[in-house]
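Counting from 0, one number per residue, gives the positions in the sequence shown under numbering that gives the first Met the number 0.
Backbone N, C-alpha and C define an ideal beta-carbon position, used for all residues, glycine too.
Input: a single structure, listed below in structure tokens.
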Amino acid sequence: MFLTTLLALAGTLLAPDPAQAPRPRAKETDGNRLVKVALVADHDGVRAGGTFELGIRLEVRPGWHIYWENAGDAGNPTRVELTGPDGFDIGRVRFPCPARHEEDGDIVSFVHEGSVWLLAEVRAPKELAPGTKLDFRVECDWLVCTDYCLPGSGRAKLELASVANDATPKAANEKEFTAGRAQHPKAWKDVLGTREPVFEAGLDGRSRVVIEVPEAQELEFFPDASATTKLVKRVRTRTEKGARLELELEQINGSKDVDYRGVLWIRDAKGACSVLQERWRPEKK
């Protein structure tokens, strides 16, 4: 009897207190909370006829990701709409280099994590009265994912003022724009000089593009969304001189062209990204 009572008392003392036990973290249900949107400019004012750059920062919560403008096999592309006053010419919103994300079933998508900087060049109209208040706005929609996905959206606005025609706007947010521009791909020739990819024609509507970069350690390719070409395979190898990337491309929808436009990521001393803007029509041999 004494032993039974003692064991019961020990069990009571050792049992965890429900009030003190760690509670599982609640599952996030609001995709709007997982990405924060900010809009900034690289100058503190606008001069008539001048150009400046707007930066859209998407701050993605750690452990989550959103999708590039070509989402790949899964996910939805991030949508961005940037607007400004009448008469302003707003260029295409440019996305930074993405990362490759692989899932079971050979599902490959292209994603962004952390601080993501989208950039757009803006040109002011030639006639602009000094002191004019200028409102710029951005609206974004995204699919944000971890081991599950949530849709989300956000917006931000920025007010600038025009300056006198003989004044020079001061640079602003220099640290942020330096970090943001470093995420973006550069022109092919700026990265590789005169070196060009090697092309090899294939059969049955398929072609092979071979890219070799001396002194590179690793190559990766992120294709633009295309209605004429599908990337079906990529093989990465190291050579004595550098890195080699073989892309197998399939012509679809009756196309005779091979569209290999996209972003080439190069891991070397600089870790640069390059833009490939090419179409190629293979000649059957």
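Report the option in the options whose CA atom is closest to the CA atom of residue i.
i, options, result
"Tyr259", "Glu245, Glu80 and Arg266", "Glu245"
"Leu142", "Arg60, Gln250 and Gly83", "Arg60"
"Asp29", "Pro184, Glu247, Ser152 and Asp43", "Ser152"
"Val262", "Asn31, Val39 and Arg99", "Arg99"
"Asp256", "Ile106, Ser225, Gly241 and Cys148", "Ser225"
"Asp85", "Glu120, Leu118, Glu68 and Leu127", "Leu127"
"Thr50", "Lys169, Asn75, His183 and Glu249", "Lys169"
"His222", "Ile65, His42, Gly71 and Trp63", "Contrary to the premise, residue 222 reads as Pro rather than His in this sequence. The shortest C-alpha separation from Pro222 is found at Gly71."
"Val115", "Lys125, Ala178, Cys148 and Arg122", "Ala178"
"Pro95", "Ala166, Leu157, Phe176 and Tyr147", "Phe176"
"Asp103", "Pro124, Asp146 and Glu52", "Asp146"
Apart from the five residues on each side of it in sequence, which residues of its chain come closer than 8 Å, Cβ to Cβ, to residue i?
i, result
"Arg154", "Val36, Arg136, Val137, Glu138 and Cys139"
"Ala160", "Gly44, Val45, Gly130, Thr131, Lys132 and Leu133"
"Arg338", "With the chain covering only 0 through 284, there is no way to say anything about residue 338."
"Lys156", "Leu38, Asp134, Phe135, Arg136 and Val137"
Return the chain-ordered list of same chain residues with a C-beta closer than 7 Å to the C-beta of residue i, the five sequence neighbours on each side being excluded.
i, result
"Asp267", "Glu214, Ala215 and Gln216"
"Pro150", "Gly30 and Leu142"
"Val79", "Ile55, Val92, Leu117, Val137 and Cys139"
"Val110", "His64, Ile65, Tyr66, Trp67, Pro97, Ala98 and His100"
The alpha helix (DSSP H) that contains residue i, what's its start and end?
i, result
"Thr131", "From DSSP, Thr131 is part of no alpha helix (DSSP H); its letter is neither H nor E."
"Lys179", "It should be noted that the sequence gives Gly, not Lys, for residue 179. Start and end: Glu173 to Ala181."
Between which two residues does the beta strand (DSSP E) holding residue i run?
i, result
"Val34", "Val34 to Ala40"
"Lys232", "Thr228 to Arg237"
"Pro150", "Cys148 to Ala160"
"Phe87", "Element bounds for Phe87: n/a, residue is neither H nor E."
"Ile265", "Gly261 to Arg266"
"Ala242", "Gly241 to Gln250"
Check the DSSP bridge columns for residue i and list the partner residues they point to.
i, result
"Thr82", "Arg136"
"Ala166", "Ala166 pairs with nothing; no bridge assigned."
Excluding the 5 residues flanking residue i on each side, which residues of the same chain have their C-beta closer than 6 Å to its C-beta?
i, result
"Pro23", "The predicted position of Pro23 is uncertain, since its pLDDT is 49 and thus under 50; a value taken from the coordinates is nonetheless stated next. No residues qualify anywhere along the chain."
"Pro21", "Caution applies to Pro21, whose pLDDT of 48 falls short of 50 and renders its modelled position unreliable; the model cannot decide the point."
"Pro124", "Gly86"
ask   = Can you give, in chain order, each stretch of the alpha helix (DSSP H) that sits fully within the stretch 42 to 124 and has at least 4 residues?
value = none
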